[in-house]
Structure formats: structure tokens, C-alpha cells
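Working notes for the structure below.
Here it is in C-alpha cells:
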């Protein structure tokens, strides 16, 4: 098993498989097939079999996949079978919604530190966390050995905040600011920007 | 120009190009190159030239791209040179953050209707909009000829809400609920789920 050789695009689909399997388990199902997964995800069953075969043999021909087992294997592959601490920077409307979101912990993540630079936001209590001032961010991320940051600051300061996070030891950044940030080798960035998704669909719309 | 033949994956990158170009224009730049765009976006300059060549000739060898012109062309290709009305369903923490988000209008979208089924949320005023009850949704979307919906409801009701939107005439859905929804041919779905992004990066993290 040479996981490092698996193409990024396949790794990119694994979280979708995990999400679909988790949902099936919640619905009380115990067994699924590449056909059923394909229908849920809008992919061909051949694609799903090919993707999963990159990591080993997870199902038997004709009997399908055991949902709990397959979900557990994907969690292990993606390293989300434990709990990663995540720093959240920028506690405006969106940051607050994310800090309040209950769907992280059972999927491998825990928001562990909140930062902002606005005097009226610093000190605010969200759940069991207190919003801390930006000046303490690098020290705090380093001290807690946090490797993942979600950035919900305005576009014009996103690069600067990302640079500080990386200096502190962050290696994965999820950027919600509507801008691109550049990072050194070894640091991954993903973007969450609803407008990018919307603009991907209007091309196909008849007005 | 046979735009319908352009691969989905290239259409998927065009909004990123547009975002980078808009940011460059804000920085006061007027000309860019495939090299510069590539560096910002983590893509090769060859990839960028190849993608853009699908739609015609936007730059001259050696002189680069005129940023405003290229941005305008991409807006036209993606059909975001006008303003699409969007329905937003589910006005909890996330829905409220999205309804308050100021970054839609200058990128081609306007949140034009808010819906929820909670008595304490219905009637709430957000900006110039009032949250309307779910029972009026189909009629309202149909009446306003809205083709795009953002769904920020709990996972277990996302499919049902999507079905109602489609019945009302919606053809593009951006789903923020952490679940997959199935749609008939001709209806596109994109997903915004921060955990999918996070899980795509942990695979590469050394713990």
C-alpha cells in the first residue's frame, strides 16, 4: 500500500464517500454497493470501485461493502479517526457561525482557539472558548501545536494572517476569504467560497 | 465557439481565474500574464493558457492579458455579467451569516428571498428582506422565477427542501447541509461543507 502515490483527485473524493457512508449508517443501513454509492454521489460505480481499490480490498464481489467497516477504513486513511485541533481566525458573522457549528467533532475536528483583532469581539465567549487577541495567535498556535487553521478574515488581510499561522506551525489552511493565498511547499490550502460554487453553475443555466 | 463542449473541470476553474483577476484589478494592476496567474493560483502557466484558449484568444504573445478585458470576458462566459436572484432556505447561524454577506452582488448574485420553518425565525428582518414561512416557498420562487437556491437546512431535511425548490423551477443548488442530495437531469448541485475541505488536507498531514 503506497498511499502517497494516490492521485490528489481520488483523495479529494474520499471525504464525500465517508460522508455518504455516515449518512447511510444514520439511516440504519449496514451494507451498500458501488452502484448505490454512485447514485448518491453522481459518480459511476466503476469510478467508485477504482478509487477504493487504490487503498486495498474493502468489499467482496457480489456481497457489497460493510458500511461501518468501510467508513472506519476511510477515516483511518484520511487520518480523521482521531480529533485534530483547529484555530479559527476572524470571528465576524461567518466565524461565529463556524464556531457555533456542531458538525466538526464527530468528523475529526475540534475548534480549539478563536482569534480576532477587534476590541469589541476580543473576550467574547462562544461555547467553552474565549476570543483571543491576534497578537497572541502565533504563540498560542505554537504552544497548542495546532496544525490546521480556518481563516474567516477580510480578503485584504488573509495573506498576512495565513503567513502568521504558517510561522506558528500550521500546515493546512481552509480559507473562507474570497481571495487566493500563496503558501510555501508543504502547506496546503483549500478554499471555501460560496460564490465560486454559484459561478460554476450559472454557465449551465438558461437565463 | 462551442462553449457547451468545454470540459466541466475547465469551467470549474474559471471562477478562480475571475476571482484572481478581480483581486489584481483591486490592487491597481492592469496587465497580467499566465505566469503571474499561475503563481497566484498554484497552477502552471501552460494550464492557464490551455484553459483560456477554449474560449478564444484573450491575450497576445508577449504582451500578456488585459485584466479588465479578460475579467469581463470570463463574466460573460460564466453568465455572471448580470445579477441572478438566489433563494436562501434555512436561516440559522449559517443562513444568517450568508444573508448578511456583502460579497454576492458584485460577483453576480443577489439573495432575493429567505425561508425558514421555525416560528421564532419567520418574520425576522435581515437587511431589506423578511424571513418567509416554508409553506410559501414554492409559490414565491415560481413567482419570482428564481433559478438558484442555497440550502442551509439540517441534513435530514435537505433532500425534501431541494425537491421543493426544483418543483418551483430551481436548476442550480448550493447545498451547505453535510449530506448528498440527488436531483433529476438538468439540475446541478454543488456542495459547501468545510469538513470535506479539512478532510482533504489531513491525509497529507504528519501528526
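Protein chains in written order, with the working numbering: chain A, 942 to 1148; chain B, 942 to 1148. Quick reminder that beta carbons are idealized off the backbone N, C-alpha and C, glycines included.
Please name the residue or residues paired with residue i in a DSSP beta bridge.
i: residue 1007(A); result: 972(A)
i: residue 1000(A); result: 1006(A)
i: residue 1026(B); result: 1051(B)
i: residue 1089(B); result: 1027(B), 1113(B)
Any idea if residue i is buried or exposed, counting beta-carbon neighbours within 10 angstroms, 16 or more meaning buried?
i: residue 971(A); result: exposed
i: residue 1047(B); result: exposed
i: residue 1036(A); result: buried
i: residue 1071(B); result: exposed
i: residue 1004(B); result: exposed
i: residue 1022(B); result: exposed
i: residue 975(B); result: buried
i: residue 969(A); result: exposed
i: residue 1016(A); result: buried
i: residue 985(A); result: exposed
i: residue 1138(A); result: buried
i: residue 944(A); result: At residue 944(A) the pLDDT is 45, less than 50, meaning the model places this residue with poor confidence and gives no usable figure here.
So for residue i, helix, strand or coil by DSSP?
i: residue 1094(A); result: coil
i: residue 1135(A); result: helix
i: residue 1039(B); result: helix
i: residue 1111(B); result: coil
i: residue 1118(B); result: coil
i: residue 1125(B); result: coil
i: residue 1070(A); result: strand
i: residue 1051(B); result: strand
i: residue 1057(A); result: strand
i: residue 1046(A); result: helix
i: residue 1130(B); result: strand
i: residue 990(A); result: helix
i: residue 983(B); result: coil
i: residue 946(B); result: helix
i: residue 1021(B); result: coil
i: residue 1147(A); result: coil
i: residue 953(B); result: helix
i: residue 1076(A); result: helix
i: residue 1082(A); result: helix
i: residue 1015(B); result: helix
i: residue 995(A); result: coil
Residues in the same chain with beta-carbon distance under 7 Å from residue i, minus the five sequence neighbours each way, listed in chain order, please.
i: residue 1026(A); result: 1051, 1053, 1085, 1087
i: residue 947(A); result: 995
i: residue 978(A); result: 958, 961, 989
i: residue 1130(A); result: 1114, 1116, 1122, 1124
i: residue 954(B); result: 992
i: residue 1146(B); result: none
i: residue 1127(B); result: 1112
Checking 8 Å against the spacing of the C-beta atoms, do residue i and residue j come in under that value?
i: residue 1103(B); j: residue 1089(B); result: no
i: residue 964(A); j: residue 1120(B); result: yes
i: residue 981(B); j: residue 1123(A); result: yes
i: residue 1034(B); j: residue 1041(A); result: yes
i: residue 1141(A); j: residue 956(B); result: yes
i: residue 1099(A); j: residue 1078(A); result: no
i: residue 1038(B); j: residue 1096(A); result: no
i: residue 1049(A); j: residue 1143(B); result: yes
i: residue 1073(A); j: residue 1062(A); result: no
i: residue 1094(A); j: residue 1030(A); result: yes
Go through its chain and collect everything with a Cβ distance to residue i's Cβ below 8 Å, but skip five positions before and after it.
i: residue 966(A); result: 1008, 1009, 1012
i: residue 1136(B); result: 1119
i: residue 951(B); result: 992, 995
i: residue 1082(A); result: 1028, 1054, 1090, 1106, 1109, 1110, 1111
i: residue 1067(B); result: 1032, 1037, 1040, 1041, 1055
i: residue 1133(A); result: 1115, 1116, 1117
i: residue 1060(B); result: none
i: residue 1045(B); result: 1027, 1051, 1052
So, at 6 Å on beta carbons, what are the nonlocal neighbours of residue i in its own chain, with the 5 sequence-adjacent residues on each side left out?
i: residue 949(B); result: none
i: residue 1075(B); result: 1056, 1058
i: residue 1065(B); result: 1072
i: residue 1000(A); result: 1006
Please tell me whether, using a cut-off of 7 Å, the distance from the CB of residue i to the nearest non-hydrogen atom of the ligand COA is below it.
i: residue 1085(B); result: Among the components modelled here there is no ligand, and therefore nothing to report on the ligand COA.
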